[in-house]
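Inspection log for the structure reproduced underneath, given as structure tokens.
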Amino acid sequence: MPELPEVETVARDLAAQANGRTITGVEWLDWPRMIETPDEAGFRAGIAGRKILAVARRAKWVLATLEGGLTLAVHLRMSGSLVVYPADHPIDPYTHLVLALDDGRRIFFRDVRKFGRVRLLDAAGLAALDAHHGVEPLSDGFTPAVFARILAGKSTRIKPLLLDQALIAGLGNIYVDEALWHAKIHPERPAAAVQAKEAKALHGAIQEVLTKSITLGGSSFRDYRNGYGQQGGNQVSFAVYQRGGEPCQRCGGLIERMVVAQRGTHVCPKCQPR
DNA sequence: CATTACCTGCAA
DNA sequence: TTGCAGGTAATG
679 MPELPEVETV ARDLAAQANG RTITGVEWLD WPRMIETPDE AGFRAGIAGR KILAVARRAK
739 WVLATLEGGL TLAVHLRMSG SLVVYPADHP IDPYTHLVLA LDDGRRIFFR DVRKFGRVRL
799 LDAAGLAALD AHHGVEPLSD GFTPAVFARI LAGKSTRIKP LLLDQALIAG LGNIYVDEAL
859 WHAKIHPERP AAAVQAKEAK ALHGAIQEVL TKSITLGGSS FRDYRNGYGQ QGGNQVSFAV
919 YQRGGEPCQR CGGLIERMVV AQRGTHVCPK CQPR
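Below is the structure:
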């Protein structure tokens, strides 16, 4: 799925295009199972006539603040996209939700794999979603000291720990592999065994890979689209992700693909010793 | 911890 | 045909 940089890009794109517009209603919905709460009828009734006040990101959720204390929350999971299209844009078989705006344009939610999820939340629901997630890695609250506290005493391997949204919100498979390579840390090392100096390097690497990707509009491959329907971000290049068998750009050793916590994992064994 | 489930498309 | 894909929750 889109990870933090891609979701951030989508949220910004939606904000730029839809802030101040009113959702007149649900124009298309062919996969109601993706709506987790409320039920379909409640969703249709609750969203109609609401003005979009702001669009932001929390973890990998796109959050549209609506008039009346409600929030439209969308998770793109593996293959979802959220795009504002002109009135004449066709609805294809992978488009599962279309929201009509008061100026004739529409917000399309497209999702090949149907893993994406949509919620219409009140204040309590939004608070619960927020509480479910850990620190935002690009926020002021994510200091090296805070990161050190997260690692302290944990026997979990560092990669699965970084993927745990309840600890740090927004990292996914790509950027974890990239950050670990930058910091020269093997993904299977126990978190508590990562030394202070290494943890500081990893903290910096996490912020750098995320920030750089946001600057470039998110990485683009497979199903990812920004809020304008563009692939964008082709400039983002990865050091190890999906480069198994290729030489490491730092040491020349061969990048290896392995499986860690059931996720494809890419590592330079020479740069990132166990 | 690992496995399974949720879905579909695509490359090997 | 098999395995793999940016995610996450539920279940041994």
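Position 20, counted from 1, in the first sequence is what the numbering used here calls 698; the numbers after and before it change by one each time, with no gaps. For glycine and all other residues, C-beta sits at the position ideal for the given N, C-alpha and C.
Unbroken alpha helix (DSSP H) run spanning residue i, endpoints
{"i": "THR893", "result": "874-893"}
{"i": "THR687", "result": "682-696"}
{"i": "LYS837", "result": "836-841"}
{"i": "ASP780", "result": "Per DSSP, ASP780 belongs to no alpha helix (DSSP H) and is neither H nor E."}
{"i": "GLY720", "result": "718-725"}
{"i": "LEU750", "result": "It is not in any alpha helix (DSSP H) - LEU750 instead sits in the beta strand (DSSP E) that spans 748-753."}
C-alpha distance - residue i paired with residue j, whole-angstrom precision
{"i": "ILE884", "j": "LEU777", "result": "35 Å"}
{"i": "GLY895", "j": "ASP691", "result": "10 Å"}
{"i": "ARG795", "j": "GLU714", "result": "7 Å"}
{"i": "ALA719", "j": "LEU775", "result": "14 Å"}
{"i": "VAL938", "j": "PRO838", "result": "8 Å"}
{"i": "ALA694", "j": "ARG711", "result": "29 Å"}
{"i": "TYR902", "j": "ARG935", "result": "23 Å"}
{"i": "ALA830", "j": "GLY907", "result": "42 Å"}
{"i": "TYR772", "j": "CYS946", "result": "37 Å"}
{"i": "THR821", "j": "VAL918", "result": "26 Å"}
{"i": "GLN927", "j": "LYS862", "result": "13 Å"}
{"i": "ALA737", "j": "GLY782", "result": "30 Å"}
{"i": "HIS811", "j": "ILE852", "result": "19 Å"}
{"i": "TRP739", "j": "VAL752", "result": "6 Å"}
{"i": "GLU681", "j": "ARG788", "result": "17 Å"}
{"i": "VAL790", "j": "LEU849", "result": "22 Å"}
{"i": "HIS767", "j": "GLN920", "result": "34 Å"}
{"i": "PHE899", "j": "GLY803", "result": "33 Å"}
{"i": "ASN904", "j": "GLU705", "result": "21 Å"}
{"i": "ASP717", "j": "ALA844", "result": "26 Å"}
{"i": "ALA870", "j": "VAL854", "result": "17 Å"}
{"i": "PRO951", "j": "THR893", "result": "31 Å"}
{"i": "LEU932", "j": "HIS860", "result": "16 Å"}
N-terminal and C-terminal residue of the beta strand (DSSP E) that residue i is part of
{"i": "ARG903", "result": "From DSSP, ARG903 is part of no beta strand (DSSP E); its letter is neither H nor E."}
{"i": "TRP739", "result": "739-744"}
{"i": "TYR853", "result": "Run containing TYR853: none in the beta strand (DSSP E); it sits in the alpha helix (DSSP H), 851-860."}
{"i": "GLY758", "result": "758-763"}
{"i": "GLY942", "result": "941-945"}
{"i": "LEU798", "result": "795-799"}
{"i": "GLU934", "result": "934-938"}
Short Cβ contact (9 Å threshold) for residue i with residue j
{"i": "PHE916", "j": "GLU866", "result": "no"}
{"i": "SER897", "j": "GLU686", "result": "no"}
{"i": "ALA696", "j": "ILE769", "result": "no"}
{"i": "GLY922", "j": "HIS944", "result": "yes"}
{"i": "HIS864", "j": "ILE846", "result": "no"}
{"i": "PHE793", "j": "SER757", "result": "yes"}
{"i": "VAL688", "j": "LEU731", "result": "no"}
{"i": "LEU744", "j": "ALA734", "result": "no"}
{"i": "GLY698", "j": "LYS729", "result": "yes"}
{"i": "GLY724", "j": "LEU798", "result": "yes"}
{"i": "ILE701", "j": "LEU779", "result": "yes"}
{"i": "LEU858", "j": "LEU880", "result": "yes"}
As assigned by DSSP and simplified to three states, the class of residue i
{"i": "ALA732", "result": "strand"}
{"i": "PRO951", "result": "coil"}
{"i": "GLY703", "result": "strand"}
{"i": "PHE820", "result": "coil"}
{"i": "ASP789", "result": "strand"}
{"i": "ILE828", "result": "helix"}
{"i": "PRO771", "result": "coil"}
{"i": "PRO710", "result": "helix"}
Open item on the list: Contact between the segment 820-832 and the segment 905-924 is defined here as three or more beta-carbon pairs at a separation below 8 Å; is this criterion met?
Closed with: no
- [ ] Determine contact between the segment 885-892 and the segment 810-819, defined as no fewer than three beta-carbon pairs at a distance below 8 Å.
- [x] yes
Open item on the list: Count Cβ pairs between the segment 763-771 and the segment 736-752 that sit closer than 8 Å; are there 3 or more?
Closed with: no
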